[in-house]
Each structure stands twice: as C-alpha cells, then as structure tokens.
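Working notes, structure below.
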Amino acid sequence: MNLLSAIIREAKFMVRDRAVLVWMLVVLSLSSLAVWSGMDAVEHQRASIERLETADREDRMIQTSHVKSWGSAAYYGFHLTYDEPSEFTFAAMGQRDLSPWKHRIRMLALEGQIYERDTGNPLLTLVGRLDFSFVAVFVLPFVLIMLLYDLRAGERVAGRHDLLVVVAGRDSSFWLVRAFIRAFAIFFCLTTPLFIAGIVAGTSYTTLVFASLFVFVYTVFWTLLCYWFASWRLSASVILVALAGAWITLSVIVPAAGRMSIDRIVPIPSGADILMTQREAVNDAWDLPKATTMNAFWERYPEWNEYKLIEGSFDWNWYYAFQQVGDQKTEPLTIAYREGRLDRDRLAGMFSLLAPPILLERSLQALAKTDFNAAMAYEDRVRDFHAELRDFYYKKFFRKEAFDKKLLKDLPVFTN
Amino acid sequence: MKQLLLIAASEWRYWTRSYLALSGTVLFMVLLIVTSLLTGMHSEEQAHEREHHQTEAENTFLAQPDRHPHRMVHYGHYVFRSPAPLALFDPGLDPVIGQSIFLEGHRQNSAMFADSGSSANVGGLSWLTPAMVYQLFGPLLVILLGHGAIVRERESGTLAHLLAQGISGRSLIVGKGLALLCFIILLLVPLLFSAIFSLSHGEEVLSALSLIGVYLLYLSMWGMMTLFFSSILQKRSTILATLTALWLGLVLVLPSIAVSIAERAVPLAGKIETDLIMQEDIRKLGDGHKPNDPAFKQLRANILKQYDVEKIEDLPVNFRGIVAMNAEKNLTGVLNDYADVRMTKETQQAQALSDYGWLSPKLAIANASRAISGTDLEHYHRFLREAEELRFDFVQGLNNSHAEKLTYQDDMNRNRDDASGLKARVDATSWEVLNVFDFQPASAVDRINNAFQSIMMLMFWFALLIAALLWSGRRLQP
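Just so you know, the protein sequences line up as chains D and L, in that order. Just so you know, the numbering used here puts 83 at position 83 of the first sequence, and the rest follows in order with no gaps. To convert, count from 1 in the second sequence and add 1000; that's the numbering used here.
Structure follows, in structure tokens:
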C-alpha cells in the first residue's frame, strides 16, 4: 500500500469526522481572534507613539521657549524615547506588557529615571492577553491531545482495531499517517490567520517562515508524544489523563520550577539599593566641596578638566557634574543588576531546551522582538541617548558657548 | 441518609483502589504543598526586605543634617509596598506591580521595580502560586476523580441494579456528590494551613474563612459539573474529553479573550501621555520656585492684606515658603485629578474583565481570591493613594517650616556666600514632619464587599448546576 493513497484515504475519513472539524474550527477562530487582538494592541501602541511624539515636541517647545541658559534648557527639556513595535509584535506581545517601552528622559541622573514604569493596567497584564503565541504554545497541544488520545483505544473499544491493522498492513505507519493528517489540519488552521495577518502587517517572509517552522516542529513534537502515549494498551481515559499530565508538567510545572530556581541561582541587587545609592550621591554633592565632585567627573571626562570652578555659588556645570557622578557611583550596582538579568535570561534560554512550550514562546518572542534582549536593547539605547544628550550640553557648558535658542534644534534626537 | 453515606463510602473505596485517582491526588497535593512553601517563603522574604528598606528610608530621611527645607522637598522619600498576610497564598498583582515609589515635591512618580521585570523569562504560566494551583488544577483533579462516578455504574451494568433496588437517581447523585464534597474538603486542607499561618501575621479570621469558602464554592461547582456530565453522557472517555475541553475553554482561554475585550472596551492612555496633557494644566498654575510668577499675584495681594503690610519683606512669614506651599497644593490638586481619572479607568477595565466571570468561573474565583487576600487592583490603588497622602503631608510640612522658620531675607541671600548659605537652613528636627508609612490591607469586611460580585457569580454557577443535577437525577436511566 503506498503512502499517498493512505493519506488520501485518511484525509477523506477526517473530513467526515465531526470532532476533527469542530476542533479545526475552534483553532481557526481562536487563532484569528488572537492575531486580530494582537494587531489591535500594536495599532494602539503605534497610535500612542504618534500622539506622544507630537505632544513631546510641543511640550519641549513651550518648556524651552522661556529658558535663558544652557543649564535651564537641559533642566526643562524632556526627550521622548520609545521602542517601536516590530512588524511581528502582534503575534507575541511578550515583555512589552511587563517592561517599559517608553520613557521621557532629561539630563538629570539617569538612574532615577530609567526604572520608571509606564505600563498598562497591571490586572490585564497578570491575567494575560490572548495573542498568537498563547494559542500556539498552550492551546495547540491541548487540541492535539483531544484529537489523538483515543487514536487507537477508541478503535479498540469499537472492536475495529485489529481488523484495521490487518487491512492496513504495517502497523505503525497507518496510525502515524492518521495522527499526522489530523495534526497538520490543525496546524494549517492555526497558521493561516498568522500568515494573513503577517502579510497585512508587513511582516518579512523570513520571519513568517521561521515562526511557522517553529510552530510546525512544536506540532510534530506533540503529535509524536500523543502518538506514543496512544499506542499504550491502556484505556482511553488513562491515556488522556497521562497526556494532560504531560501538558501540565511541560507548560506549567517545569517552567515554574525553572523560574524559581534561576531566580535563586542568580541573585540581583535590589532596585531599592540602586535608587537609594543614586539619591544619596546626588544629594550629598550639594554639601561636598565642588572640587570633590568635579574631580570625580573629570576622571570620566578628562577633556573638560580645564574648567575653572568657583566655590560657593550655584553653577550649572557643577550641577550636571554631580548628576553624572551620581550615576557613576551607582554604576557597580547598575552593572550587577543588568548582568544579573542577562544571566537569568541566558539560563532561562538554556532551561527552555527542557520544555518545548518555553522554547516556542521564547523563540516567537525573539522573532517579534519582544523578548528580554529587546527590552534590554531598548534600555541600552536610552542610555546611549542620554550620553549623547550629555555630550551635546557638556560642549555648550564647558566651552562657555553663549546661549542661543536656535542651536537647540541641533539637540540629539532619539532614533529607533 | 444511611443510603447516601453508603454510596459515598463505596465511591471512596473505589478511589482508594484507583491508581489514577491516587496518583493524581498525590501529585496535586505535592504541587500544592511545594508552591505553598515557596510562595510563603518568597512572601516572607519580600515582607522582611521591604520593611527593612522602609525603616532604612525613614531613618535616612530623619538623619539628614540641618539644611534648607526645600532641599528636603527634592531629597524626597521612598515608600515600599509590603505584601498583605494572605499574599503567601495568593500574591495576586504583586509580581506585576512596582514595589516602591520615590516621593518628592511637585511630582507623582510611578511604582518601580516589579518582580516580573527582572525574573527569568520562562513563559506565561510560570508564575505558579497555591492560588493558581487551586484555580487551574483543582478542577482537573475533581474531573479526574468525579467523571466516572455515574457512568462507571452504567458501563458496568450496576446502574440498572441500583435503580431497581429502589435507590432514586437523585439520591445516587447526591451520594456521589457527598463523596466528591468530602474529597474537595480534603483538598482544601493545605489552604487551611496557609490561612492559619496568615492569622499569625495579623490576618483577620473572617477573611481567612471566606477565602476557604470561595474555593469550596469553586471546586464544588466543578464537582457538580463533573457529575452532571457523568450522568447525561454515555461514554466515559467522551465525558472526560468534554470536561477537559470545557476546562480549557473556561479556565485558560476565556479569561485571555476577556482581557483583550476589556482592553478595547475601556481605552487607557499611558502615564507619559496623560502627564504631557497634564503639563498644560500645570503651566497655568505657576512655578512654585518663582515667587514673582504672575500666577501668584493674587496670593501676594491677599497675604499683604492679611498681615496689613506694604512689602513682602515686612511679612512675619517667609513669602517664598507661602508660595511653595500654595503652589504644591494647587499642583497636587491637578496631579490627583489625573491620577483619579487613570485609576477610575483601570477600575472600569477591571470591572469589564470581571463581568466575564458570569461566563468563566475561573475569572470569578481569581477576582474573589485576590480581593479577599488584599492583593487586587483596589489595594494597589490604595497603596498609591496612601503614598500620595504621605508625600503631600511631608512636602507641605517642609514648606511650612520654609515659611515659618526661615526669614525672607535669609532665604533670598542663600546663594550669596557660604556663610549666607549656612544661615538659610532650618534645624533637622523639622524633618520629623515625615509620617511612618505602614501599608495595611483594608478590613476583612471591606475586602469581602469587594469580592461580593465575584462571589455572586460563583453562587450563580452553583445554583445553575444544582438545578441541572436535579434535572439529570430525575431522568437518570440505566
């Protein structure tokens, strides 16, 4: 018996199987709903960015219209930074619901600003939204389980099992074909809305191909698992329970255990310590001799050390120097916090090899640029931008350039 | 009654011989005990750490030397949100909301540093807590044990026998239900221990009891649903598949769909965006650092009239401090207006979400559990409000010493030289305007009130299923 005819026969069977059709419809509608909801959320974020850009420009214009020195221009000038959603973000919102993706930054100490969180309603974040990755990672395996657990036991109960095996010839290939035909039907129902949405959203074909490849491998994994469990000579109920147990273990228990152990293995400094250190450093500077602050500043910026300071009176150069020194003093903690989070993510990446659901979720987030690395990259871009901002003003301050409002148009602009 | 007990007892005997039932229960209990211990430890550590930080922040503030009071306004203060006692069972929003807020003059900052921002990223369902174990897996275990209750008698042919003996369909179902209820009560023992433990951390008995109550309601509801399908469907594996599919839909999928709908129903702009709009309102108020700002013309006239003097130099109080106090008051009014709008919208979203509890009992139980544990959105808002109150009080306290303890002349000359700078200070006892921050959950009655609607939803499901069971009991046939 050749494979092709087996496939055609099984496909015909499947089309007549009401249960399969119902599950196909369920997956198709859930997937459509998920990509639609994801696209809507991304649309919302883009609209918000657009409004923010206008409002930010207007606000800076008003704020700087009455400033009379470089120092006060830097003090009142806030700058919008944001992380634009990618063309695939709609499929996996990932860290975008948890980590900030927009900040308004000014030239004061950055450590006091970069941990602000402008995230949405925490309740909605906690419950979690319906996006494609949720459907693919958690719902898909369940549907496969429902379709495949009684692959054989059902026929066994109906008394057709042995007959089918005799008629169909080689034992395993027949069941395998049946299992995979059902699985692929579900796979197509899942990925078709993704492709359509991807084309609408302008996602690159490579991304779409990779995404569906990941989901495909995941489908194959669960199909083989179901196929293996279903081949046990046990009752359908026992097989179903065992498969549900496998789902729970891989999707919930292993990830939970992983998260708890990784967080314990890699400790990170508490955020409170970073903030307190930074505040004390900035605040103490008011009472320290100016030379102490300036010397610490010049260690980092030797190019400005010809500046003459006057003790006793207020001076913008010194003011911004102690902001800078505040960040410098926090640096060991900041680096430890950053490295700790990166280490946790690296470990989580390795750990995900143990549990396909985590692996798929992380892979989709990586494609969508909503993973931890993307959040970190944004944080780094904000830091770079802050450095550019400081460079711009330091030149004005230390070269004693006369204040000219027109030159503010040369301010660095945050680019994505 | 004896008959019912016999039916229940024989069901228990069956479970003790069933490998599936036993291993399922053991696994569930192990999972529950492990997560209870880990969540409890984490909650304890967090409470300890945040209390420590809180004391430290207060001490540093009070230990500041003599200085200009306005510098203390900008020096600011930190408050930390310590978890409620029942967070050891249901941490609720804790991992997704910031733990601390920096309080300073002229601004309302957001809460920073949420656990979820720095924890290992291993997927959406990895935040396992005892509450989650009950909400997600409790129903599955009840289904596992209960799905065969009636159909087993039918498949083995004993159902006809039992009915012929004069046992009515209803009493058979009630008997099986009794067995399942006892099992559910057994499942709740770890929760009982968590509740008792929370009492030693100052939790009220009423909320601990009602927490156990809502979970009893939730799991019983699933028990009845299981019995219902067990009595109306013919094939054991079909029943199991139907119930598992229902579980997937009601527990996992519907809540997520509801989130997407609630988000759309009540659009919520981000804080940066509303802050920018707010700036326009704030600009009209005048800058409290600049007493010559035209916005304070009226204030100047009033105060000169009040003290019956010609020039602000002649006032017995420091006009700069008066301006600072006045400006902070007006500014805070605007800040609070915007914060209120934001919180109202968030509450509306939460309400839109919780309305779906009529469809998904998982949403209802999760809402009720968070509300009773004091870890819901309501309590987060409460934390924000209390922090804001503390901020306003200490800033105004400092502004008050700015007005009362520092003369206008000294204040104006503060930047002239070091000696004038030293003169423009107030003594450090003035920092005692800072109140102790002690965030406590609302009273048990208030929390249960917040959970009221969700409890009603669970009751609705409960009543609906009782009716369904009575109906299916009457028409039970072999």
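Ideal placement from N, C-alpha and C gives every residue a C-beta, glycine not left out. As the structure is a computational prediction, the values presented were derived from the model and not from experiment.
Go through its chain and collect everything with a Cβ distance to residue i's Cβ below 7 angstroms, but skip five positions before and after it.
i, result
"residue 34 of chain D", "130, 131, 132, 134 and 135"
"residue 1396 of chain L", "1325 and 1328"
"residue 1295 of chain L", "1285 and 1286"
"residue 1025 of chain L", "1141"
"residue 1262 of chain L", "1349, 1352 and 1353"
Which of helix, strand or coil does DSSP assign to residue i?
i, result
"residue 1425 of chain L", "coil"
"residue 1296 of chain L", "helix"
"residue 400 of chain D", "coil"
"residue 119 of chain D", "coil"
"residue 103 of chain D", "strand"
"residue 1102 of chain L", "strand"
"residue 301 of chain D", "coil"
"residue 89 of chain D", "helix"
"residue 80 of chain D", "strand"
"residue 1437 of chain L", "coil"
"residue 1133 of chain L", "helix"
"residue 1042 of chain L", "helix"
"residue 413 of chain D", "coil"
Taking only the alpha-carbon atoms, compute the straight-line gap between residue i and residue j and give it to the nearest angstrom.
i, j, result
"residue 307 of chain D", "residue 1125 of chain L", "56 angstroms"
"residue 1323 of chain L", "residue 1411 of chain L", "13 angstroms"
"residue 1451 of chain L", "residue 1371 of chain L", "5 angstroms"
"residue 15 of chain D", "residue 181 of chain D", "11 angstroms"
"residue 241 of chain D", "residue 1246 of chain L", "15 angstroms"
"residue 102 of chain D", "residue 406 of chain D", "27 angstroms"
"residue 1238 of chain L", "residue 147 of chain D", "12 angstroms"
"residue 1375 of chain L", "residue 122 of chain D", "11 angstroms"
"residue 220 of chain D", "residue 79 of chain D", "48 angstroms"
"residue 1276 of chain L", "residue 55 of chain D", "7 angstroms"
"residue 1385 of chain L", "residue 187 of chain D", "49 angstroms"
"residue 1096 of chain L", "residue 126 of chain D", "7 angstroms"
"residue 1068 of chain L", "residue 1104 of chain L", "15 angstroms"
"residue 285 of chain D", "residue 1072 of chain L", "14 angstroms"
Contact defined as beta carbons within less than 8 angstroms: I believe residue i pairs with residue j. What is the distance between those atoms, to the nearest angstrom?
i, j, result
"residue 1081 of chain L", "residue 1394 of chain L", "About 18 angstroms separates the two Cβ atoms, so there is no contact after all."
"residue 357 of chain D", "residue 250 of chain D", "6 angstroms"
"residue 1431 of chain L", "residue 1061 of chain L", "6 angstroms"
"residue 81 of chain D", "residue 382 of chain D", "5 angstroms"
"residue 211 of chain D", "residue 364 of chain D", "6 angstroms"
"residue 1359 of chain L", "residue 1254 of chain L", "6 angstroms"
"residue 297 of chain D", "residue 321 of chain D", "4 angstroms"
"residue 222 of chain D", "residue 141 of chain D", "5 angstroms"
"residue 1365 of chain L", "residue 1189 of chain L", "Not confirmed; about 18 angstroms, so no contact."
Ordered along the chain, which non-local residues of its own chain (more than five positions away) have a Cβ less than 6 angstroms from that of residue i?
i, result
"residue 96 of chain D", "370"
"residue 110 of chain D", "327 and 386"
"residue 117 of chain D", "100"
"residue 443 of chain D", "Absent from the structure is residue 443 of chain D, since the part of chain D shown begins at 1 and ends at 416."
"residue 28 of chain D", "189"
"residue 1378 of chain L", "1450"
"residue 1356 of chain L", "1258 and 1363"
Would you kindly check if the distance between the Cβ of residue j and the Cβ of residue i is under 7 angstroms?
i, j, result
"residue 340 of chain D", "residue 1122 of chain L", "no"
"residue 1199 of chain L", "residue 1318 of chain L", "no"
"residue 1085 of chain L", "residue 1204 of chain L", "no"
"residue 1349 of chain L", "residue 1266 of chain L", "yes"
"residue 1036 of chain L", "residue 1207 of chain L", "no"
"residue 243 of chain D", "residue 149 of chain D", "yes"
"residue 1079 of chain L", "residue 1339 of chain L", "no"
"residue 1217 of chain L", "residue 1133 of chain L", "no"
"residue 1043 of chain L", "residue 1087 of chain L", "yes"
"residue 367 of chain D", "residue 88 of chain D", "yes"
"residue 175 of chain D", "residue 151 of chain D", "yes"
"residue 272 of chain D", "residue 1100 of chain L", "yes"
"residue 1362 of chain L", "residue 1250 of chain L", "yes"
"residue 393 of chain D", "residue 83 of chain D", "no"
"residue 1008 of chain L", "residue 1178 of chain L", "yes"
Which same chain residues end up closer than 8 angstroms to residue i when comparing Cβ atoms and leaving out the 5 residues on each side of it in sequence?
i, result
"residue 309 of chain D", "290, 291, 294, 315, 317 and 318"
"residue 262 of chain D", "344, 347, 348 and 351"
"residue 1163 of chain L", "1169, 1172, 1476, 1477 and 1478"
"residue 1022 of chain L", "1015 and 1016"
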